[in-house]
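Everything in the sequence shown is counted per this note's numbering, starting at 322 for the first residue and increasing by one.
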Amino acid sequence: MSTINTMEDLIQVLDEHPEWLETLRARLLTRELLELPNSLAMFAAEMREFKAQVDRFVAATNSRFDSVDARFDGVDTRFDGVDTRFDGVDTRFDGVDARLDGVDTRLDSVDARLDSVDARLDSVDARLGGHDAMFKRITDDLGQLKGAHARNAALENAAIIARDLGLRRTKSLSQEELLDLIDAADTANVSVDDLRSFRVADLIMEAAAEDGEICYVAVEISYTANGRDTKRAIRNAEFMTRFTGKRSFAVVSGLHRDDRIQSSIESGEVIWHQLTAAQLDAE
322 MSTINTMEDL IQVLDEHPEW LETLRARLLT RELLELPNSL AMFAAEMREF
372 KAQVDRFVAA TNSRFDSVDA RFDGVDTRFD GVDTRFDGVD TRFDGVDARL
422 DGVDTRLDSV DARLDSVDAR LDSVDARLGG HDAMFKRITD DLGQLKGAHA
472 RNAALENAAI IARDLGLRRT KSLSQEELLD LIDAADTANV SVDDLRSFRV
522 ADLIMEAAAE DGEICYVAVE ISYTANGRDT KRAIRNAEFM TRFTGKRSFA
572 VVSGLHRDDR IQSSIESGEV IWHQLTAAQL DAE
């Protein structure tokens, strides 16, 4: 049997008997250490597989990023086109702004001219206002002249008014006679305004019926007879009956009449006597 005194002796013996090397390794190393080469081999294989997977993932990711980059390049290209179009739009808007500035300038000119027109219209309105006042005065004066003309014609034809009622005029009462009637009557409940209006009546005449009965006719006269004339004629006739106890008639006379007094005529409250153009022309 070989004698082992040094490490070199041990190595020599193990070289001569390699089966002893495995036995010695099994005695000296733990199970884990013995299995470590296999484990390392498996780990290396797994790492190679993992690296291959990582390489594939990186390649796929790079491919996708390349695709994304390509798409972004396309988006950039489209945005470049959009930018170009917006530049064109901006240019057109600049043109529109310039035209609108021109329009504003022209509108300012129009406003200035309109202000001038307004000023001239105000001047015209002021002048027309003066003409309106003058025209109103002329109209009022003409109305008074026409009324006076109609009144003169009716007074000259007083007998005809009485005859149309089947009466014969005996006289026309003067203002003094009307004042005497007022003085002799009880007028406590009659307004002062009504009495003043009564004493300046257009025409109040005394007339006789065919049987000799004395009656009175209260006539209000206008170029165009209206509601005011109707009310005054009816009121004056009522006053004559009240002051004298005699039958009285209310008459309105004129060349024309307001349609609104038609109901009073139809009811018999007032009698309509129409003047003719010939009677007014005779004036």
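Idealized CB from N, CA, C, for every residue including glycine.
Please read these numbers as outputs of a predicted model, since none were measured by experiment.
Using a Cβ-Cβ cut-off of 8 angstroms (strictly less than) and excluding sequence neighbours within five positions of residue i, which residues of its own chain qualify?
i: Gly487; result: Ala530, Glu531
i: Leu516; result: Ile503, Thr508
i: Thr324; result: Asp330
i: Ser588; result: none
i: Leu342; result: Leu335
i: Ala381; result: none
i: Asp446; result: none
Is the separation between the beta-carbon of residue i and that of residue j shorter than 9 angstroms?
i: Ile586; j: Val538; result: no
i: Arg472; j: Ala480; result: no
i: Glu527; j: Lys492; result: yes
i: Ile503; j: Phe519; result: yes
i: Asp579; j: Ala546; result: yes
i: Lys567; j: Met561; result: yes
i: Gln600; j: Ala474; result: yes
i: Asp485; j: His594; result: yes
i: Leu349; j: Leu335; result: no
Between the alpha carbons of residue i and residue j, how many angstroms are there, rounded?
i: Leu596; j: Ser574; result: 7 angstroms
i: Asp602; j: Arg581; result: 27 angstroms
i: Asp432; j: Asp425; result: 10 angstroms
i: Glu590; j: Arg556; result: 10 angstroms
i: Asp462; j: Ala469; result: Reliability of the predicted coordinates at Asp462 is poor, the pLDDT of 49 falling under 50, and no value is obtained from them.
i: Ser360; j: Asp401; result: 59 angstroms
i: Gly450; j: Arg434; result: 24 angstroms
i: Arg549; j: Asn510; result: 22 angstroms
i: Leu494; j: Ile592; result: 20 angstroms
i: Ala506; j: Ser569; result: 16 angstroms
i: Phe564; j: Arg448; result: 54 angstroms
i: Gly423; j: Phe414; result: 14 angstroms
i: Val410; j: Asp439; result: 41 angstroms
i: Arg377; j: Asp390; result: 19 angstroms
i: Leu499; j: Ala598; result: 31 angstroms
i: Arg420; j: Thr412; result: 12 angstroms
i: Gln374; j: Arg385; result: 16 angstroms
i: Asn478; j: Glu497; result: 22 angstroms
i: Ser430; j: Val396; result: 49 angstroms
i: Pro358; j: Ala366; result: 12 angstroms
i: Ser444; j: Val417; result: 39 angstroms
i: Phe407; j: Val379; result: 40 angstroms
i: Glu340; j: Gln333; result: 13 angstroms
Answer with buried or exposed for residue i, where buried requires no fewer than 16 other C-beta atoms within 10 angstroms of its C-beta.
i: Met363; result: exposed
i: Met368; result: exposed
i: His338; result: exposed
i: Ala571; result: buried
DSSP beta-bridge partners for residue i?
i: Thr545; result: His577
i: Lys492; result: Glu527
i: Ser569; result: Tyr537
i: His594; result: Ser574
Between residue i and the rest of its own chain, which residues show a CB-CB distance below 7 angstroms, the 5 nearest in sequence each way excluded?
i: Asn326; result: none
i: Leu476; result: Leu524
i: Ser543; result: Gly468, Ala471, Asp550, Gly575
For residue i, I'd like the list of residues in its chain whose CB is within less than 6 angstroms of its CB, leaving aside the five on either flank, ordered along the chain.
i: Ala522; result: Asn557
i: Asp404; result: none
Residue i: beta carbon under 8 angstroms from a heavy atom of the ligand ADP?
i: Arg399; result: Of the ligands one can find in the structure shown there are none, so the ligand ADP has no counterpart to examine.
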